[in-house]
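Engineer:
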Amino acid sequence: PIWQASFPGCGSRMTWHLVQALTGIKTNNDRNSNGWGYTNVVAAKTHYPFIRDTMFEELDPKYFHRAMLILRNPVHAIPSYFNAQYEELNHLSTHTV
14 PIWQASFPGC
24 GSRMTWHLVQ
34 ALTGIKTNND
44 RNSNGWGYTN
54 VVAAKTHYPF
64 IRDTMFEELD
74 PKYFHRAMLI
84 LRNPVHAIPS
94 YFNAQYEELN
104 HLSTHTV
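Here our numbering is used: the first residue of the sequence shown is 14, the next is one more, and so on.
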């Protein structure tokens, strides 16, 4: 798999779903929240080191030889990140499909 790295609010979840839809292969994240592991996925999303509740340090680098970096203008990414935090704190549905 490849790392799909970004700052929160850059559209990483949307890209995550898009990669899975285009390839037909499952995606995961650095916390293995889907329970699929890392050997049978096309990409693993990470916000490391921004979000530290991750298993990033425990992952074996032999599985990850490439990375996809998702960039977004901070003028748009930072408000998007705080919007996602607001949605989570207030138990609202997320703005990501």
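C-beta atoms are modelled at their ideal positions from N, C-alpha and C, and glycine is treated no differently.
Everything numeric in this text was worked out from a predicted model, so none of it was measured.
Should residue 57 be labelled buried (16 or more other beta-carbon atoms within 10 Å of its own) or exposed?
Structural biologist: Note on residue 57: 16 or more other CB atoms within 10 angstroms of its CB, so buried under the neighbour-count rule.
Engineer: Quick check on DSSP: helix, strand or coil for residue 41?
Structural biologist: If DSSP states are grouped into helix, strand and coil, residue 41 belongs with the strands.
Engineer: For residue 15 versus residue 80, is the C-beta spacing smaller than 7 Å?
Structural biologist: Contact flag set, yes.
Engineer: Excluding the five sequence neighbours on either side, which residues of its own chain have a C-beta within less than 6 Å of the C-beta of residue 18, listed in chain order?
Structural biologist: 59, 80 and 82
Engineer: Given a cut-off of 7 Å on the beta-carbon distance, is the pair residue 55 and residue 28 in contact?
Structural biologist: no
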